[in-house]
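Mapping to my numbering: the sequence shown position 162 is 190, numbers consecutive.
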Amino acid sequence: MVSFDEARAIIIDCVQPVGIERVHLLEAAGRILAEDLAAPWDLPLWNNSAMDGYAVRWQDCASSPCTLRVTGFLPAGSKADGITVEAGSAVRIMTGAPTPDGCDAVVPVEETDDGQQEVTLLEPVTKGQHIRCRAEDVAAGVIFARSGTRIRPPEVNMLAGFGMALVPVYRRPVVAILSTGDELVELGCTPGPGEIINSNTLSLAAAVQEVGCIPRIIGIARDNRESHREKLREGLNADVLITSAGVSAGDCDLVRDVLDELGAQQMFWKVAIKPGGPTAFAIYGSTPVFSLPGNPVSTMITFEEFVRPALLRMQGYQKVLQPLFKAVLRGPLSKKPGKVQIVRLHLEKERGCWYATSAGNQQTAILKTMVDAQAIAVLPAESSHFAAGDEVDVHFYGNHIELELP
Ligand code: AMP
Ligand code: MG
Numbered sequence: 029m030v031s032f033d034e035a036r037a038i039i040i041d042c043v044q045p046v047g048i049e050r051v052h053l054l055e056a057a058g059r060i061l062a063e064d065l066a067a068p069w070d071l072p073l074w075n076n077s078a079m080d081g082y083a084v085r086w087q088d089c090a091s092s093p094c095t096l097r098v099t100g101f102l103p104a105g106s107k108a109d110g111i112t113v114e115a116g117s118a119v120r121i122m123t124g125a126p127t128p129d130g131c132d133a134v135v136p137v138e139e140t141d142d143g144q145q146e147v148t149l150l151e152p153v154t155k156g157q158h159i160r161c162r163a164e165d166v167a168a169g170v171i172f173a174r175s176g177t178r179i180r181p182p183e184v185n186m187l188a189g190f191g192m193a194l195v196p197v198y199r200r201p202v203v204a205i206l207s208t209g210d211e212l213v214e215l216g217c218t219p220g221p222g223e224i225i226n227s228n229t230l231s232l233a234a235a236v237q238e239v240g241c242i243p244r245i246i247g248i249a250r251d252n253r254e255s256h257r258e259k260l261r262e263g264l265n266a267d268v269l270i271t272s273a274g275v276s277a278g279d280c281d282l283v284r285d286v287l288d289e290l291g292a293q294q295m296f297w298k299v300a301i302k303p304g305g306p307t308a309f310a311i312y313g314s315t316p317v318f319s320l321p322g323n324p325v326s327t328m329i330t331f332e333e334f335v336r337p338a339l340l341r342m343q344g345y346q347k348v349l350q351p352l353f354k355a356v357l358r359g360p361l362s363k364k365p366g367k368v369q370i371v372r373l374h375l376e377k378e379r380g381c382w383y384a385t386s387a388g389n390q391q392t393a394i395l396k397t398m399v400d401a402q403a404i405a406v407l408p409a410e411s412s413h414f415a416a417g418d419e420v421d422v423h424f425y426g427n428h429i430e431l432e433l434p
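Listed below in structure tokens is the structure:
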């Protein structure tokens, strides 16, 4: 039996990014950049107007108001070649158009009489106003996005602005999902006596997808060696294999035994955590194999605490553990010392402080409590009793998005 922290350290140590691929910008969104990227050219590439208005020479505008001849027009998309702002004149210019020679200020149309032949400037003018200077955003050669960065819409915008259609990102791991058990029938079938629907496969696939990987559903291994051999072999071809159930000490629990027979190297079996104690972890070549207990709550909790960080690391994330923060308990919590206890919680924020209430019956078999929880408390192994008002370490479950309703 390993401790919760040991189990995580072993896992994180065993996994690394699965490789790099160049994909189209939109496909790269949400993924992790695998190389530093340098600006291929200055951004912006030329001085240009930040406003719709008039390009002027600042020294012509010393008195206010002042009137200038309008000698040209530069809409966005036009070239400023051959256009010059002569002494005493102004060129009408639109936002984004290149500023012409001689121009050292742009006067917004709102600060003029909007004249066509002649224009009167109504406000004092400062040198350089409303001109976006070449390279003021990013100069050519500057690293504008570092390897390890998650590509969000701002990164997409800048990559697109630099014409970068193909982006080097870490590959999404393909994660094989295998359920085991003679009691299982697939979704769509009506379970007969003693049968249940294979819900873990779907919940694991959803969790794999949520974290950014590609689920590959292998199906069900029946509780005999031949079926386990066939299905496990198939699963071991993927970048990662997750199995559910058949990993405890029961007569029909064959997963570890058959993995062993197929040549997987067992890294640990049993973690001092509740729920999720029978979790096993092995390596087959470069494929990590997570054997999770079959109880749906245990499967989800152990995915969250052990598999999720590994899948994030395999995609190039640097920070892979859910950030912990403090929450004040609304009621008492008790546990036996010796194991980390995971408690499913409902969280509320009041005056900037988080308050935690138990999301319901904490027995492992109660799935509804998991449905009702947004967060998880990780109670340390040595702890035993927490009173109302005590602070505990908590984290949100999965990819949590907190939207406060009006
Ligand atoms: P086992 O580890 O095989 O003893 O399974 C533990 C518990 O999890 C049993 O109650 C199983 O019926 C249940 N279980 C196992 N596999 C699944 C599954 N794929 N979907 C839902 N429940 C499951
Ligand atoms: Mg079973």
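We treat Cβ as the ideally placed atom computed from N, Cα and C, and that holds for glycine. Quick caveat: nothing in here was measured; it's all calculated off a predicted structure.
| Asked | Found |
| --- | --- |
| Beta-carbon spacing of Ile205, Ala233 below 7 angstroms | yes |
| Ile242 vs Arg284 beta-carbon contact at 7 angstroms | no |
| Member of Ala83, Pro181, Ser31, Val43 whose CA lies at the smallest distance from the CA of Ala310 | Val43 |
| Ile121, enclosing beta strand (DSSP E) - first and last residue | 117 to 121 |
| As assigned by DSSP and simplified to three states, the class of Leu352 | coil |
| Anticipated Cβ contact below 8 angstroms, Leu149 with Pro196, distance rounded | In fact, because the Cβ distance is near 50 angstroms, the residues do not count as touching under 8 angstroms. |
| Where the alpha helix (DSSP H) containing Arg257 begins and where it ends | 253 to 263 |
| CB contact flag (Val275, Ser319, <7 angstroms) | yes |
| Leu282, DSSP secondary structure in three states | coil |
| Coil, strand or helix - Leu361 by DSSP | strand |
| Entirely enclosed beta strand (DSSP E) segments - the region 297 to 359, minimum 3 residues | 308 to 312, 315 to 320, 353 to 357 |
| Counterpart residues of Cys94 in DSSP-defined beta bridges | Leu149 |
| Val268 and Val203 closer than 7 angstroms at C-beta | yes |
| Alpha carbon of Leu230 to alpha carbon of Leu187, nearest angstrom | 35 angstroms |
| Beta bridge counterpart(s) of Pro243 as assigned by DSSP | Val203 |
| Ala56 - DSSP class collapsed to helix/strand/coil | helix |
| First and last residue of the uninterrupted alpha helix (DSSP H) at Thr397 | 395 to 400 |
| Beta-carbon contacts of Arg50 that lie in its chain and below 6 angstroms, excluding the five residues immediately before and after | Leu194, Pro196 |
| Distance, Arg358 Cα to Trp382 Cα | 10 angstroms |
| Same chain, Cβ closer than 8 angstroms to Ser412, five either side skipped, listed in chain order | Ser362, Lys363, Lys364, Pro365 |
| 8 angstroms contact criterion, which Pro152 and Asp80 should meet: CB distance rounded | That pair is no contact at about 19 angstroms. |
| Ser77 versus Met192: straight-line alpha-carbon distance, rounded | 25 angstroms |
| Three-state class that DSSP yields for Asn228 in the structure shown | helix |
| Neighbouring residues (CB closer than 5 angstroms to any heavy atom of ligand 2) | Gly209, Ala273, Gly274 |
| Pro324: CB within 6 angstroms of a non-hydrogen atom of ligand 1 | yes |
| Span of the beta strand (DSSP E), counted from its first residue to its last, around Glu419 | 419 to 424 |
| Start and end residues, beta strand (DSSP E) containing Pro136 | 133 to 136 |
| Anticipated Cβ contact below 8 angstroms, Gly344 with Tyr198, distance rounded | 4 angstroms |
| Among Thr315, Thr307, Val299, Gln293, nearest to Asp281 - alpha-carbon criterion | Thr307 |
| Pair within 7 angstroms by beta-carbon distance, Ala83 and Ile48 | no |
| Cut-off 7 angstroms between Cβ atoms - residues of its own chain near Ala56, not counting five sequence neighbours on either side | Ile179, Val195, Val197 |
| Ser207 beta carbon near ligand 1 (any heavy atom closer than 6 angstroms) | yes |
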